[in-house]
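Novice:
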Amino acid sequence: MILVHRPDTETDVPAAATSLPGGGGGAGGPSGPDDEGGSGSGSGRAAGAAPLTPAHRRGWLPQVLRGATAIPLVLLALILVALAVKAVPAIRYNGFGFFTRSIWNLGNLYAPLVTGHGVTHPPGAQYGALPLIVGTLVSSAIAVVIAVPVGVGTALVVVEKLPPRLSVAVGFCLEVLAGVPSVVIGLWGVLTFGPFLSHHVATLWANHIPDVPVLRFFRGPTGNGQGLFTSGVVLAMMILPIIAATSRDLLRQVPRDTVDGAVALGMTDAEAARTVTIPWVRAGVIGAAVLGLGRALGETIAVAMVSGSLISGNVHSFYSAFTTIAATIVTQLDSALTDVSGLATDTLAELGLVLLVITLLANVGARMLVKRVATTALPVGRGI
Amino acid sequence: MSMRRSFRATASAVALVGAAALTLAACSSSSGSTTTTTAGSGTGSSGTASLTSLQKWPSSSVALQETGSSLLYPLFNLWTAAIQKGWPIVSITTAATGSGTGISDAANGTVNIGASDAYLSPAQVQQSPGLENIPLAISAQQINYNVPGVTGHLKLDAATLAGMYTGKITNWNDAAIAALNPGVTLPNLPVVTVHRSDGSGDTFLFTSFLYAADPTGWTVAPGTTVAFPNIPGAVAAQGNGGMVTACKSNPGCVAYIGVSYLNQAVAAGLGYAELKNKSGNFELPTQAAVSAEAAGFASKTPANGAVSMIYGPATDGYPIVNYEYAIVPTHQPSTTAAQAVKAVLAWAVDPNNGNAPTYLDQVGFVALPTQVQDIAAKLISKIS
Chain A
17 MILVHRPDTE TDVPAAATSL PGGGGGAGGP SGPDDEGGSG SGSGRAAGAA PLTPAHRRGW
77 LPQVLRGATA IPLVLLALIL VALAVKAVPA IRYNGFGFFT RSIWNLGNLY APLVTGHGVT
137 HPPGAQYGAL PLIVGTLVSS AIAVVIAVPV GVGTALVVVE KLPPRLSVAV GFCLEVLAGV
197 PSVVIGLWGV LTFGPFLSHH VATLWANHIP DVPVLRFFRG PTGNGQGLFT SGVVLAMMIL
257 PIIAATSRDL LRQVPRDTVD GAVALGMTDA EAARTVTIPW VRAGVIGAAV LGLGRALGET
317 IAVAMVSGSL ISGNVHSFYS AFTTIAATIV TQLDSALTDV SGLATDTLAE LGLVLLVITL
377 LANVGARMLV KRVATTALPV GRGI
Chain B
33 MSMRRSFRAT ASAVALVGAA ALTLAACSSS SGSTTTTTAG SGTGSSGTAS LTSLQKWPSS
93 SVALQETGSS LLYPLFNLWT AAIQKGWPIV SITTAATGSG TGISDAANGT VNIGASDAYL
153 SPAQVQQSPG LENIPLAISA QQINYNVPGV TGHLKLDAAT LAGMYTGKIT NWNDAAIAAL
213 NPGVTLPNLP VVTVHRSDGS GDTFLFTSFL YAADPTGWTV APGTTVAFPN IPGAVAAQGN
273 GGMVTACKSN PGCVAYIGVS YLNQAVAAGL GYAELKNKSG NFELPTQAAV SAEAAGFASK
333 TPANGAVSMI YGPATDGYPI VNYEYAIVPT HQPSTTAAQA VKAVLAWAVD PNNGNAPTYL
393 DQVGFVALPT QVQDIAAKLI SKIS
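Chains as they are written, first to last, in this note's numbering: chain A, 17 to 400; chain B, 33 to 416.
Structure below.
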């Protein structure tokens, strides 16, 4: 019997990506129109209903906890306000050219300060964040492109193919990998993995790629291990555990009856995965990918170590040095503090705001994408 | 009724968090100022402050922090070892974080002694009136290169170096380099320029040299943080140690490194150049050539110690020579700290102690001339 599944209109992503966005839990009987589960929580009671415990026995703790829910909001507001206030002089000075220029010049720190655009600054100060923004987006994109297929593939194999003990072992390894500190991965990247990638892996294809417009990006000298390629792979390794673990949890929720039904109709395992399993978890995987993207966008120390820190140049090849917003903030802070006018540190605050906005846009875009993907009905009849 | 109570709970929690945040902000904003506990003996100090009289070691234990220049770091570690052996009551923590950090950390009171190869800029002096730059020793900077197959020392000058760092000279067999080195077979090897990514006194010295000796070819003003022209393949490294490693792993590299790392660079297989001085002679950074250059500036050093000895008139002088400065706030956090700082610095400047050949020869530095010792002594006596 083919089950018809009507997915929830309300999905909860990415913070609750481990909960199944595709609908109520597990395998079971046919879900009916009254199984909406509006808030996504498992309880049968509507939120905000009168508590069951009588007032005189409730105590002070629930009140305090209810008030404490405001703390994250307050902290976020404080951070945003502090950053915005610090960044105002830089925003005024840098203008819109900040997003199109490719220069990072603190100016002549040994000359007297001058005033311009309503701000005192060293003469010749000019800031542009284009290479930083491009570097952040491109390195995170590379990381997601590598990590999502590998992560989902790993999860598929773990859930469908491996014997239970082996799947527990692989799961454990993933969790250990997730727990490795970024600085340790960065150290390993700069000392061992980066040189290995550029001297032994990239050389396999770098000189054999034809000199054609798009592929030209992957040609050329493979460098000494610090660059876009190494950073993309290192970031992919860091976000792989999130994506694989979340996909594994999602895949476990796929009803076995539907998959068995597809196999009974004559599909191979791969076809069943492609037409039944993957579409079922598509929305959740997008949520997991956004979690990973969020981590990759903000990853600081590992990228600072393996990126090569090229601040005022645009990326011209897959192996060239580059930098990201987060890596620039951490490597340039000490230099920025030598600018007594404060413009350099204000520009770093402006960079922080830009990164916040990028992360926010990525999250919002992902939510919209998940909503679109989740509201289309499962194409059960397709491909048979 | 429960709504009103929960609103009150939320409001009280928000108020609590807000008050906590405000107090934290107030505390952190006042941490920059250091308070002095006694009236300083520095104002109107007599010219008879001698180095021996300043070396009065404290009677209670004190811990001092030093940070900054990686050029001075090896020598400062030698001094620290000797001081802690002779006077265990004083403990000194050192770090090599770059001259820029040395200046800014000393300015905001984070450390007792900041080390810098660059003197304070007028803007920095204006912002922190209590900050002094005290000459401790005379050092130099060499140009290292990684050109396999070349034995002996290549002759270079400011024009060729400016050409390399602006991208006009891209290969080691360029005509300009060949013209300076007749009879030397230069290989067909692309030039890889290495510069400092952190706020560096070495960058200040190198850019001062290029700016003074080749103003048409190099138009970027000197500074600890400078926007190097963007050349494909340029590498950024952190600290003098990082420069040695980067040059070693990039054949064709050219890098500016402090003379205290010369032995390390030579051991790594790097060569060092003979630089053309103002009189047209090519000199190596030997102690004799450094002394010759510094001798001409002994009488020109002002009372505040800030003078550039780059590209001086001495016929047999090495062109990149500088004073190593201790950037010290005149108001130290306590009388014991002030006494310890004065003793440490006076010990360092004393030609029988820190400025003796036993220490300076190990790093290739040269002792301060007597006039400059007196200037340093006067500056040290102002600390309280």
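For glycine and all other residues, C-beta sits at the position ideal for the given N, C-alpha and C.
1. If you measure from the beta carbon of residue 319 of chain B to each beta carbon in chain A, is any gap under 8 Å?
2. Roughly how many angstroms lie between the CA atoms of residue 385 of chain A and residue 189 of chain A, to the nearest whole one?
3. Would you list the one or two residues that DSSP bridges to residue 303 of chain B?
4. Where does the unbroken beta strand (DSSP E) through residue 361 of chain B begin, and where does it stop?
5. Is it true that the segment 126-146 of chain B meets the segment 285-304 of chain B, where meeting means three or more beta-carbon pairs spaced less than 8 Å apart?
6. Express the C-alpha separation of residue 316 of chain A and residue 112 of chain B in angstroms, rounding to a whole number.
7. Do residue 27 of chain B and residue 265 of chain B have their CB atoms nearer than 8 Å?
8. Going by C-alpha distance, which of B:164, B:82, B:123, B:170 is nearest residue 396 of chain B?
9. Buried or exposed for residue 219 of chain A, going by 16 or more other Cβ atoms inside 10 Å?
10. Run the CB neighbour count on residue 344 of chain B, radius 10 Å, all protein chains shown included, and call it buried at 16 or more, exposed below.
11. Contact check, residue 144 of chain A vs residue 118 of chain A under 8 Å by CB: the rounded distance?
12. Grab the span of the alpha helix (DSSP H) containing residue 235 of chain A for me, first residue to last.
13. Let me check understanding here. Comparing Cα to Cα, which of B:330, B:271, B:218 lies closest to residue 230 of chain B?
14. Alpha carbon to alpha carbon, how far is residue 123 of chain A from residue 308 of chain B? Give it in angstroms, no decimals.
15. If we count Cβ pairs, one from each stretch, closer than 8 Å, do we get three or more for the segment 221-230 of chain A versus the segment 275-287 of chain A?
16. Could you tell me whether the Cβ of residue 126 of chain A comes closer than 8 Å to any Cβ of chain B?
17. Can you list the residues of chain A that residue 230 of chain B reaches, using a CB-CB cut of under 8 Å?
18. Give, in chain order, every residue of the segment 98-132 of chain B whose Cβ lies closer than 8 Å to some Cβ of chain A.
19. Could you check whether the Cβ of residue 393 of chain B sits closer than 7 Å to any heavy atom belonging to the ligand NAD?
20. Rounding to the nearest angstrom, what Cα-Cα distance links residue 337 of chain B and residue 167 of chain B in this structure?
21. With a threshold of 7 Å on Cβ separation, who are the neighbours of residue 288 of chain B within its own chain once the five nearest residues in sequence on each side are excluded?
22. Who are the neighbours of residue 119 of chain A on chain B, taking C-beta pairs under 7 Å?
23. Give a yes or no on whether the C-beta atoms belonging to residue 320 of chain A and residue 297 of chain A are separated by under 8 Å.
24. Going straight from the alpha carbon of residue 129 of chain A to that of residue 352 of chain A, what length do you get?
25. Is there at least one Cβ from chain A nearer than 8 Å to residue 405 of chain B's Cβ?
26. Measuring straight from C-alpha to C-alpha, what distance separates residue 133 of chain A and residue 121 of chain A?
27. With DSSP as the reference, label residue 87 of chain B as helix, strand or coil.
28. Can you tell which of A:183, A:323, A:156, A:204 has its C-alpha closest to the C-alpha of residue 309 of chain A?
29. Between the C-alpha atoms of residue 142 of chain A and residue 103 of chain A, what's the straight-line distance to the nearest angstrom?
30. Since residue 364 of chain A and residue 349 of chain A are thought to touch, with beta carbons under 8 Å apart, how far apart are those beta carbons, to the nearest angstrom?
31. What does residue 354 of chain A touch in chain B if you count any residue whose Cβ is under 7 Å from its own?
32. Is DSSP giving residue 147 of chain B helix, strand or coil here?
33. Looking at chain A, which residues of the segment 172-197 of chain B have a Cβ within less than 7 Å of any of its Cβ atoms?
34. What's the gap between the Cα of residue 339 of chain A and the Cα of residue 371 of chain A?
35. Out of curiosity, what's the CA-to-CA distance linking residue 245 of chain B and residue 190 of chain B?
36. Between the C-alpha atoms of residue 412 of chain B and residue 351 of chain B, what's the straight-line distance to the nearest angstrom?
Specialist: In short:
1. Stepping through the second sequence from its first residue, residue 319 of chain B is reached at position 287. False, the Cβ-Cβ gap to chain A never drops below 8 Å.
2. Within the first sequence, residue 385 of chain A is the residue found at index 369, counting from 1. Within the first sequence, residue 189 of chain A is the residue found at index 173, counting from 1. So the two alpha carbons sit approximately 31 Å from each other.
3. Here residue 303 of chain B is taken as the residue at index 271 of the second sequence, counted from 1. In the DSSP assignment, residue 303 of chain B forms a beta bridge with B:177.
4. For this step, residue 361 of chain B is matched to residue 329 along the second sequence. That run of the beta strand (DSSP E) goes 353-361.
5. Counting C-beta pairs closer than 8 Å gives fewer than three between the segment 126-146 of chain B and the segment 285-304 of chain B, which falls short of the contact rule.
6. Here residue 112 of chain B is taken as the residue at index 80 of the second sequence, counted from 1. Here residue 316 of chain A is taken as the residue at index 300 of the first sequence, counted from 1. Near 34 Å, if we compare the C-alpha coordinates of residue 316 of chain A and residue 112 of chain B.
7. Since the first residue shown for chain B is 33 and the last is 416, residue 27 of chain B is missing from the structure and cannot be characterised.
8. Working through the second sequence from its first residue, we reach residue 396 of chain B at position 364. The residue with the shortest Cα to Cα distance from residue 396 of chain B is B:170.
9. Start at 1 with the first residue of the first sequence, and residue 219 of chain A comes out as number 203. Counting C-beta atoms within 10 angstroms of its own C-beta, residue 219 of chain A has fewer than 16 neighbours from the protein chains shown and is therefore classed as exposed.
10. The residue labelled residue 344 of chain B in the question sits at position 312 within the second sequence. It is buried - the Cβ of residue 344 of chain B has at least 16 other Cβ atoms within 10 Å.
11. Residue 144 of chain A sits at position 128 when you count from the first residue of the first sequence. Residue 118 of chain A sits at position 102 when you count from the first residue of the first sequence. That belief holds up - the Cβ atoms of residue 144 of chain A and residue 118 of chain A are roughly 5 Å apart, short of 8 Å.
12. Start at 1 with the first residue of the first sequence, and residue 235 of chain A comes out as number 219. In the DSSP assignment, residue 235 of chain A falls outside any alpha helix (DSSP H), carrying neither H nor E.
13. Here residue 230 of chain B refers to the residue found at position 198 of the second sequence. Selected option, being the one with the closest Cα: B:271.
14. Looking up residue 308 of chain B in the second sequence gives position 276. Looking up residue 123 of chain A in the first sequence gives position 107. So the two alpha carbons sit approximately 28 Å from each other.
15. Contact fails: fewer than three Cβ-Cβ distances are below 8 Å.
16. Counting from 1 along the first sequence, the entry for residue 126 of chain A is found at position 110. Yes, contact with chain B.
17. Within the second sequence, numbered from 1, the residue matching residue 230 of chain B stands at position 198. The contacting residues are 347, 350, 351.
18. Listed by position along the chain: 129, 130, 132.
19. The ligand content of the structure shown is nil, which means the ligand NAD is not present either.
20. Mapped onto the second sequence, residue 337 of chain B falls at position 305. Mapped onto the second sequence, residue 167 of chain B falls at position 135. Distance between the alpha carbons of residue 337 of chain B and residue 167 of chain B is about 6 Å.
21. Looking up residue 288 of chain B in the second sequence gives position 256. Result list for residue 288 of chain B: 173, 175, 234, 238, in chain order.
22. Your numbering for residue 119 of chain A matches position 103 in the first sequence. Taking the beta carbon of residue 119 of chain A as reference, the chain B residues within 7 Å of it are 259, listed in sequence order.
23. Reading the first sequence from its first residue, position 304 is the one you call residue 320 of chain A. Reading the first sequence from its first residue, position 281 is the one you call residue 297 of chain A. If you check the CB distance, residue 320 of chain A and residue 297 of chain A do not come in under 8 Å.
24. Within the first sequence, numbered from 1, the residue matching residue 129 of chain A stands at position 113. Within the first sequence, numbered from 1, the residue matching residue 352 of chain A stands at position 336. Roughly 15 Å between the two C-alpha positions.
25. Taking the second sequence and counting its residues from 1, the one referred to as residue 405 of chain B is at position 373. Not one chain A Cβ lies under 8 Å of residue 405 of chain B.
26. Within the first sequence, numbered from 1, the residue matching residue 133 of chain A stands at position 117. Within the first sequence, numbered from 1, the residue matching residue 121 of chain A stands at position 105. Their Cα atoms are separated by approximately 17 Å.
27. To locate residue 87 of chain B, count along the second sequence from 1; it is residue 55. Correct three-state label for residue 87 of chain B: coil.
28. Residue numbering aside, residue 309 of chain A sits at position 293 when the first sequence is read from its first letter. Minimum Cα-Cα distance from residue 309 of chain A among the listed residues A:183, A:323, A:156, A:204 corresponds to A:156.
29. Taking the first residue of the first sequence as 1, we reach residue 142 of chain A at position 126. Taking the first residue of the first sequence as 1, we reach residue 103 of chain A at position 87. Cα-Cα distance, rounded: 15 Å.
30. Along the first sequence, read from residue 1 onward, the residue named residue 364 of chain A stands at position 348. Along the first sequence, read from residue 1 onward, the residue named residue 349 of chain A stands at position 333. Right, the Cβ-Cβ distance comes to about 6 Å (below 8 Å), so this counts as a contact.
31. By 1-based counting over the first sequence, the position of residue 354 of chain A is 338. In chain order, 132, 135, 136, 231, 256, 257 make up the part of chain B whose C-beta sits under 7 Å from the C-beta of residue 354 of chain A.
32. Residue mapping note: residue 147 of chain B aligns to position 115 of the second sequence, counting from 1. If DSSP states are grouped into helix, strand and coil, residue 147 of chain B belongs with the strands.
33. Those residues of the segment 172-197 of chain B that come within reach of chain A (Cβ to Cβ, closer than 7 Å) do not exist; the list is empty.
34. The sequence position of residue 339 of chain A within the first sequence is 323, counting from 1. The sequence position of residue 371 of chain A within the first sequence is 355, counting from 1. Looking at the two C-alpha atoms, the distance is approximately 13 Å.
35. Within the second sequence, the letter at position 213 stands for residue 245 of chain B. Within the second sequence, the letter at position 158 stands for residue 190 of chain B. Their backbone Cα atoms lie some 6 Å apart in a straight line.
36. Here residue 412 of chain B refers to the residue found at position 380 when the second sequence is read from its first residue. Here residue 351 of chain B refers to the residue found at position 319 when the second sequence is read from its first residue. For residue 412 of chain B and residue 351 of chain B, the gap between their C-alpha atoms comes out near 28 Å.
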